[in-house]
Structure formats: C-alpha cells, structure tokens
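Shown next, in structure tokens, is the structure this report addresses.
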DNA sequence: TTACATGCAAACTCTTTGCATATTA
DNA sequence: TAATATGCAAAGAGTTTGCATGTAA
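Residue numbers (this note's numbering), protein chains in the order written: chain X, 795 to 949; chain D, 795 to 949.
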C-alpha cells in the first residue's frame, strides 16, 4: 500500500529512535533503502530495492541492502513476504494488517482484509489450545483480464 | 497425514501411470522416495527424505531426490510447502485439502480444515473478479505445552 | 540397443559474512 | 579517536544442471 509523505517522515523518526536505542546510526544508505520501501508501496525483493536505490546512490552495495532490511525487520518496521518463488519480498509494516492475492499470470500482488477470516483463524487455533503469533494467507489467482500482461514466467 | 497401505499402493499405480504417459520409468529410487513421502505422513525436506531413503538404498543421490520430487509435484501427486525457514517441504497430495498450523517453538506442524474459511476466501476473490487457483494459509503459533521440546532455533 | 535414470560434482540463485576502508558521533 | 557502516568479494545454504556411466524396456 502506498503511504503518505507525513507517514514516511514519522516512520523515519521511528527508525532513527530504534537505531539510537541500539547505539546505531541513520546513514544515507539506510534512509534511502527504508524510504524506497515506504514510498514504493509494493512488495519488492532485495534485488528490486538495490536497483531502485542505486538510482539515488550509485555505489550502494547488495550487502548494505540486505543488512538494512534485516535491521528493519528486526525492529518491526518492515515485514517479509514469500510468495513461493524463492525470493523474499519486503513491505512496510505501517498500516493495517492485510493478506495477499497474487496473480499467477502477471505476478501482481493485491491486498485484502477480511475480519471474519481473521476471527475464524483465531477460533481454530484456540480450539486446539494454541495462540496465534502471526499468520500468512495468500490466495493465488488468475486475473484473466485484458490488462494482465502475463509476461513473466508463471509461478 | 499418515496414509493406509492400500492407498500407498493406489498412489504408486497412479505414479506409474503418469510416468508411462510420459515415456518414463518407475525405478527403485523413484518408488522409494515416493513411498517415503506417503508413509511418513510428515512435512519432510529434501534433506530429510534423502537421509531416510538412504537407509533403504545406500547410494541414492541428492539430485535423484530433487528430480523425483519435482516430477511428483509436476504430476500433482505431491505438494510443496514452505514455512518460512527457506526450506521446501513435501507432502502427499492424496487426502483432503487442509491448512497448516506451525509451532514457532518446536516447529511441529499440525493440520486443520475449516470450510467456512475456504468459503470466505472464494467470496473475497470472486468479489474482486478473480478465480482462486490455489491458496496457502499458515498459522504460526506457540503451543506453550509441557510436551513442546522447543529445542530447535525458533523460526 | 536405444532411451531414460543415476550419481557425482560443479553451477546456480539468493542471502550472509569477513575484512579492509570509510564515515560518523 | 573510537565505534559503527560500507562495499566488495568470498562463503553459505538450498537447489538445479551437465556429463559420463548405469539400467531398463
């Protein structure tokens, strides 16, 4: 989901605070990477992010991208997704919880929320004496629409 | 889920048929690997399977395990699972559809079915003009029970 | 005897780590 | 200046592929 510029600023402040608490620093690279995640509003892989961030900062390395993403995940500002193609994708943790619908043809990712499904999940888990820490619900669909480019190899 | 011996036989026949249709052969290695998936009733990684199958056939190689699993997945006799630890796990496709509950402490995998959740998923997808090809619902839980060994590193 | 299957090792993809250098408080 | 951060390249983990050899119809 896309994010407002004021929320971008808020998130950056939170990142800075988390870093400060750990004796770490908000560098240009870290800011650039986190901003890219926030502004894109998409589900980007480390490679996607590296490519995009290099447009701003020519010499940024893969290792920095991965290290920054791990840092962001550790402080709960970013969440990791995996849609079954062996690549991790990253998304801002700001905003409401949602699940994902992935088009097997064009690989576009749509988000959705359904409180009733959430409620039933908790009911199922509690019925067996468990407490849900987190969950993942991915619907793999075929959009069958004219605007589906269907250009990438199917999942 | 564990599987009856009669179903194991039935599944092997289906495998043989699929192989025959493609001009391929049911070898000792392929039989051994598929039987292990069927009988274990667990969610095993390629490494798990390789280790177990080597007890029967000392010289079996990793490549054969991977190649056989891909073959089985291609003919819809086996399904792939990924619970977020970067390892693919394999499970017989025989038996009813079910979702998974994974304990973050002991990594034990429990299966469950909930028709109402399934129904709502289809409702969500159709509401947006999509048709579900498949889906994945994983609940990550903490069992908090005395019998949870909690010995492996958490996911 | 011809095609398919295997085992081994090498290659591959994605991600992490080691290390010397650069940067920041 | 002392600690953290970076970029590069090398290492890792999991999986796939190339190739010579083995095996089955």
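Idealized CB from N, CA, C, for every residue including glycine.
Simplified DSSP assignment, three categories, for residue i
| i | result |
| --- | --- |
| residue 948 (chain X) | Here the model assigns residue 948 (chain X) a pLDDT of 46, short of 50, so the residue's position is not dependable, and the following value carries that caveat. In the structure shown, residue 948 (chain X) sits in coil (DSSP, three-state: anything other than H, G, I, E or B). |
| residue 896 (chain D) | strand |
| residue 929 (chain X) | strand |
| residue 850 (chain X) | coil |
| residue 798 (chain D) | coil |
| residue 877 (chain D) | coil |
| residue 885 (chain X) | strand |
| residue 831 (chain X) | helix |
| residue 907 (chain D) | coil |
| residue 866 (chain D) | helix |
| residue 808 (chain X) | helix |
| residue 936 (chain X) | strand |
| residue 838 (chain X) | strand |
Under 8 Å between C-beta atoms of residue i and residue j
| i | j | result |
| --- | --- | --- |
| residue 866 (chain X) | residue 828 (chain X) | yes |
| residue 838 (chain X) | residue 883 (chain X) | yes |
| residue 885 (chain X) | residue 875 (chain X) | yes |
| residue 863 (chain X) | residue 887 (chain X) | no |
| residue 932 (chain X) | residue 907 (chain X) | no |
| residue 925 (chain X) | residue 816 (chain D) | no |
| residue 857 (chain X) | residue 934 (chain D) | no |
| residue 840 (chain X) | residue 859 (chain X) | yes |
| residue 854 (chain X) | residue 805 (chain X) | no |
| residue 826 (chain D) | residue 847 (chain D) | yes |
| residue 913 (chain X) | residue 930 (chain D) | no |
| residue 916 (chain D) | residue 905 (chain D) | no |
| residue 820 (chain X) | residue 809 (chain X) | yes |
Within chain X, the residues that residue i reaches when beta carbons sit closer than 8 Å
| i | result |
| --- | --- |
| residue 929 (chain D) | 931, 932, 933, 934 |
Nearest residue (CA-CA) to residue i, options the options
| i | options | result |
| --- | --- | --- |
| residue 903 (chain X) | D:922, D:894, D:906 | D:922 |
| residue 909 (chain X) | D:937, D:905, D:907, D:918 | D:918 |
| residue 897 (chain D) | D:848, D:912, D:928, D:879 | D:879 |
| residue 799 (chain X) | X:856, X:860, X:835 | X:835 |
| residue 797 (chain D) | D:830, D:911, D:851 | D:830 |
| residue 881 (chain D) | D:803, D:843, D:920 | D:843 |
| residue 861 (chain X) | X:818, X:852, X:803 | X:818 |
| residue 795 (chain X) | X:911, X:899, X:849, X:892 | X:892 |
Cross-chain neighbours of residue i in chain D, by beta carbon under 7 Å
| i | result |
| --- | --- |
| residue 898 (chain X) | 927 |
Neighbour list for residue i in chain D, Cβ cutoff strictly below 8 Å
| i | result |
| --- | --- |
| residue 895 (chain X) | 918, 919, 922, 924 |
With 7 Å as the C-beta to C-beta threshold (strictly closer), list the residues of the region 829-849 of chain D near chain X in chain order. none
Return the residues of the region 900-921 of chain D that lie within a Cβ-Cβ distance of less than 8 Å from chain X, sorted by chain order. 904, 906, 908, 910, 911, 914, 915, 918, 919
When you check each C-beta in the region 871-885 of chain X against every C-beta of chain D, which residues fall closer than 7 Å? 876, 878
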